[in-house]
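Input: a single structure, listed below in structure tokens.
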Amino acid sequence: MKISMGILAYNEAESISNMLYSLWEQSLFQDNADNSIEVIVVANGCTDNTAEVARNTLKNLFKDSDPTLFQWQVCEVKESGKSNAWNLFVHQFSAPDADFFCIMDADIQLYAKASLEKMLDALVENPEYWVSLDGPIKDVKLKKNKNLLEKLSVAVSSNEGHLYICGQLYCARASALRDIWMPIGLHLEDGFLTQMVVTENHTVKNPTFEKRIVRVQEASHVYEAYTNPTTLINHEIRVVMGIVVNIFLRDYFREKCGQDLTAGELIVKLNEKNRFWLDDFIKEMSAKNWWSIPTPLVFRRYRSLQNYSFPKALARIPIATLAFIVDLGVFFFANRELHKEVVTSYW
21 MKISMGILAY
31 NEAESISNML
41 YSLWEQSLFQ
51 DNADNSIEVI
61 VVANGCTDNT
71 AEVARNTLKN
81 LFKDSDPTLF
91 QWQVCEVKES
101 GKSNAWNLFV
111 HQFSAPDADF
121 FCIMDADIQL
131 YAKASLEKML
141 DALVENPEYW
151 VSLDGPIKDV
161 KLKKNKNLLE
171 KLSVAVSSNE
181 GHLYICGQLY
191 CARASALRDI
201 WMPIGLHLED
211 GFLTQMVVTE
221 NHTVKNPTFE
231 KRIVRVQEAS
241 HVYEAYTNPT
251 TLINHEIRVV
261 MGIVVNIFLR
271 DYFREKCGQD
281 LTAGELIVKL
291 NEKNRFWLDD
301 FIKEMSAKNW
311 WSIPTPLVFR
321 RYRSLQNYSF
331 PKALARIPIA
341 TLAFIVDLGV
351 FFFANRELHK
361 EVVTSYW
């Protein structure tokens, strides 16, 4: 089995070495018998020495490894942007004969030692699945003494009931992702990828998440939580903007695509014609209404209570209400940014 691992990095010189060490400690590397694995760091638009740190770390980690089983490379890309880095990894940098992809961010820590092995096993044993997920863990959740903001951060986070792809870490069937392309400049690319996977490249009209995506309970990674109020609010604004843009794209591809023309094929044409067509598209869609935030999104905190048992949902109402109040400000600023001349520059 050939596995290609893509680490998408932007100015992560301070964190990428620790991330790579946590990757190396995975059972997939330590107990590898018959898998061929390549590790590819895509340093996109970096203004620090991310690429240099990655090279030095990988050189040290793989110095005594069998080159027929383990290979690595660092690819530097001048243009920043995760969607562009994703396109390059999937369609250009990765081995064309790779069976599976493991795609991850450069600022996470692999937690459970067998995470990648278990995630790949889920795909090998269940051919109907395209993508396998793990359980993201906020770093503050592991702290013994949490402050108020950290406690709130943990309280409002949950993976229960959701099978949305988390772009921080996921494994995928390579043949499925090779049919998918990302619009250049897209933010919240994991939400976009989720739609592309569950709709099978927008060829299925009534998709179900459970058909193509699976969560592996034994797998996990740790990521840094936003606990600074200003940073958190700005992050939430970007997330809401990304959700709205993905809704615009979903509706557009529903209308334009089907068995005769997949969304991936259409995106290739649009990217080739105008690399930054997404800005014009967002501007056109936002101009149709003064308010672009969908009502279900406005009430997302209360809707999420449906994923809990009645006692748990009742207990979480105060937290949901507090988050809803904060969300109102987030929605206002996100809506304002969506109506600006150049939207993707906000990211």
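With the working numbering, you'll find the sequence shown wraps up at 367, consecutive numbering, no jumps. Glycine included, C-beta positions come from ideal geometry on N, C-alpha and C. In this text, all values refer to a predicted model and were calculated from it rather than measured experimentally.
Taking a C-beta distance under 8 Å as the contact criterion, L136 and L48 qualify as a contact pair.
In this structure, the straight-line span from the alpha carbon of N221 to that of T282 is close to 6 Å. At least 8 Å separates the beta-carbon of L189 from that of M261. At least 8 Å separates the beta-carbon of A63 from that of A118. Contact between C66 and L140 does not hold, since their C-beta atoms are separated by about 29 Å, which reaches or exceeds 8 Å.
The Cβ atoms of S37 and V59 do not sit closer than 8 Å to each other.
Linking S35 to D127 through their CA atoms gives a straight-line distance of about 5 Å. Secondary structure note for P156: it is in no alpha helix (DSSP H), and the uninterrupted beta strand (DSSP E) holding it is V151 to K158.
With respect to A142, Y131 sits apart: the two C-beta atoms are not nearer than 8 Å. Between the region 305 to 314 and the region 238 to 258 there are fewer than three inter-stretch CB-CB distances shorter than 8 Å, so the stretches are not counted as touching. When C-alpha distances from V242 are compared across G155, P316 and T228, the shortest belongs to G155.
Annotation for E238: A132, A134, S135 and K138 place their beta carbon closer than 8 Å to its own, counting only its chain and skipping 5 residues before and after. Contact between the region 98 to 118 and the region 158 to 167 is absent: fewer than three C-beta pairs spanning the two stretches fall below 8 Å. Looking at the backbone, the Cα of V224 and that of G278 are separated by about 7 Å.
With fewer than 16 neighbouring CB atoms inside 10 Å of its own CB, I337 falls in the exposed class. Of the candidates F296, E304 and N327, E304 places its Cα closest to the Cα of H359. Taking each of E292, N294, F121 and N104 in turn and checking the Cα distance to L197, the smallest one comes out for F121. Under DSSP, V242 takes part in a beta bridge, and its partners are Q129 and I157.
The beta carbon of F319 is closer than 8 Å to those of F344 in its chain, skipping five residues each way along the sequence.
Residues F273, K276 and C277 of the same chain have their beta carbon placed closer than 8 Å to that of L286, with the five preceding and five following residues left out of the count. Taking every protein chain shown into account, the CB of Q46 has 16 or more other CB atoms within 10 angstroms, so this residue is buried. With respect to L334, N266 sits apart: the two C-beta atoms are not nearer than 8 Å. Of all alpha-carbon atoms in R75, N146 and E244, the one lying nearest the alpha-carbon of Q129 is that of E244.
As for any alpha helix (DSSP H) of minimum length 4 sitting wholly inside the region 33 to 86, the runs are 36 to 44, 47 to 50 and 70 to 81, ordered along the chain.
Looking at Y41, K102 and Q50, the one whose alpha-carbon comes closest to that of R75 is Y41. Taking C-beta separations shorter than 8 Å and ignoring five residues to either side along the sequence, the partners of L78 in its chain run L40, V59, V61, W92 and V94, following chain order. In the structure shown, the three-state DSSP call for E96 is strand.
Taking 8 Å as the cut-off, the beta carbon of E145 is found no closer than this to the beta carbon of L183. Positions of the alpha helix (DSSP H) runs, each at least 4 residues long and wholly inside the region 301 to 350, are given as 315 to 318 and 320 to 323 in order along the chain. Per DSSP, the continuous alpha helix (DSSP H) segment holding A142 begins and ends at S135 to E145. F212 carries a helical assignment under DSSP once its states are collapsed to helix, strand and coil.
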